[in-house]
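First comes the structure, then the notes that go with it.
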Amino acid sequence: MARILSGIKPTGQLTLGNYIGAIKNFARVQHDGEPFIFIADLHALTLPIDPKTLRNNSRDIAAYYLAAGLDPKTTTIFLQSSVHEHSELAIILQNYLYMGELSRMTQYKDKTQKMDNNAIGLGLFAYPVLMAADIVLYDAPRIPVGEDQVQHVELARDLVKRFNNRYGDVLVMPKAEVTKVGKRIMSLSDPTKKMSKSDPKGDIYLSDDLKTMRKKIMSAVTDLGHEVKYDVVNKPGISNLMTIYSALTNKTMEEIEQEFANKGYGDFKRSVADALINEMEPFKARYEQIINSGIVDEVLKEGQIRASKAAKETLKRVQQAVGLYTLK
Ligand code: AQP
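Take the sequence shown: its letter number 270 is residue 256 in the numbering used here, and every next letter is one higher.
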């Protein structure tokens, strides 16, 4: 069974974008591979974050993974920082990615746009190096991510090509698998922008209560006209709500257009809100049960053991390939 690798950064409250683009997708693919799903806590340090918030966010993500149905018996769920091989491999791999490549990454450019050069940490610049290490450490060919992370996976592919050309067949070539529906959920207040943890405007948070979720959907920005039609260029707001509805109900865009053919935006929004509540009510109840039990730490401990075992083997292979003198 091919390995699957992905994770989420505990930088803030998870959004509906993280749920549809990542978590729900992890739950879907978990049975047709051997998944390693982690909490990317080292990546969360690349911008200032309060230590208590980071700790709470990290536990939260583990609980959300479990609430979404990830089965810890078959899916290895772990904290990135609990497997020291991630950092060790990154130190080696940083020599195979170049400054020019790193400075062209969209996420780096976006995040540093308004920052003073003197305040940009090396970690933010080198983020894709650590992410490449995360990916190759588990010999995983399958990397399920939202669309915004594809560029980083492509860079990891360049690195693997470069590394293997020099040392032989050492690293497994990864490939991004983008969620079919919901690869980029947009902000509800500005549907031309990605719904993002770091930009709270127009977000639905998984921590929002059900009433707030409904209110946010009902007040989402829509477009001119009254037709429920999938047209990203001319109807970005309605198209975004259709994507959310489709991801929650498994209905195609054509089916949704037919369902609301003679109805207005109000009716459509009510149905989107109903579908969201329908899914979030039991999901949030499971989360509450999990977060208030000892299960999160148990799962993370077991995950650390299993992930470390896999990571050690790859790190050793890389160390030997580049000529580090490894002891038995
Ligand atoms: N809006 C989105 N639509 C679909 N997928 C999304 N993802 C994030 N936002 C959306 C996917 O969730 C996974 C984890 O993302 P991440 O937290 O590691 O990175 P991110 O996407 O860069 O995070 P944010 O939300 O922009 O906030 P910051 O940067 O502050 O943490 C990924 O698979 C991502 O594609």
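C-beta atoms are modelled at their ideal positions from N, C-alpha and C, and glycine is treated no differently. All values reported here derive from a predicted model rather than from experimental measurement.
query, result
"Going by beta carbon distance, what residues of the same chain come within less than 7 Å of V258, once the five residues before and after it are set aside?", "I203, L227, I230, Y231"
"Terminal residues of the continuous beta strand (DSSP E) containing R(-11)?", "-11 to -6"
"For P21, which beta-bridge partners are listed by DSSP?", "I(-10)"
"Can you tell me whether DSSP reads Y5 as helix, strand or coil?", "helix"
"With I276 and A53 assumed to form a contact (beta carbons below 8 Å), what rounded beta-carbon distance in angstroms separates them?", "6 Å"
"So what does DSSP say about D30, is it helix, strand or coil?", "Asp is not the amino acid found at residue 30; the sequence shown has Ala there. Helix at A30."
"Looking at K187 and S175, is the spacing between their C-beta atoms short of 8 Å?", "yes"
"May I have the straight-line CA-CA distance separating E74 from K237, to the nearest angstrom?", "45 Å"
"Are the CB atoms of G132 and K166 within a distance shorter than 8 Å?", "no"
"Between D96 and G(-7), how many whole angstroms is the CB-CB distance? I'm expecting something under 8 Å.", "Contact doesn't hold; Cβ gap of about 20 Å is too wide."
"Within its chain, find whatever has a CB closer than 7 Å to the CB of S225; leave out the 5 residues flanking it on each side and keep chain order.", "Y216, D217, V218"
"Just to confirm my understanding: we take T1, look at its own chain, exclude 5 residues before and 5 after, and list those with CB closer than 8 Å. What are they?", "I171, M181, S182, K183, D189, I190, Y191, L192"
"Pull the bridge partners of M172 from the DSSP assignment, please.", "K180"
"Using 7 Å as the cut-off, classify the Cβ of R148 as near or not near the heavy atoms of the ligand AQP, replying yes or no.", "no"
"Answer yes or no: do L286 and L28 have a C-beta to C-beta separation smaller than 8 Å?", "no"
"Measuring from each Cβ to the nearest heavy atom of the ligand ZN, keep the ones under 5 Å and list them in chain order.", "With respect to the ligand ZN, the structure offers nothing, as its ligand set consists of the ligand AQP."
"Measure the alpha-carbon distance for L110 versus D260 and round it to whole angstroms.", "39 Å"
"Kindly indicate the opening and closing residues of the alpha helix (DSSP H) around T61.", "It is not in any alpha helix (DSSP H) - T61 carries neither H nor E in the DSSP assignment."
"Taking DSSP as the reference, what is the three-state secondary structure of I263?", "helix"
"For D185, which beta-bridge partners are listed by DSSP?", "S182"
"Take D36 as the anchor and find which of G(-2), G7, D57 has the nearest alpha-carbon.", "G(-2)"
"Whole angstroms are fine: how far does the CA of P34 sit from the CA of R45?", "19 Å"
"Please name the residue, chosen from P(-4), K100, Y5, M(-13), that lies closest to F269 on a Cα-to-Cα basis.", "Y5"
"Quick check on R90: does DSSP put it in helix, strand or coil?", "coil"
"What is the rounded straight-line gap between the Cα of N264 and the Cα of N104?", "48 Å"
"Grouping DSSP H, G and I as helix and E and B as strand, with all else coil, what is P268?", "helix"
"Helix, strand or coil, according to DSSP, for A362 in the structure here?", "Because the chain is modelled from -13 through 314, residue 362 falls outside the range shown and cannot be assessed."
"Using the Cβ count rule (16 or more neighbours within 10 Å means buried), how would you classify L210?", "exposed"
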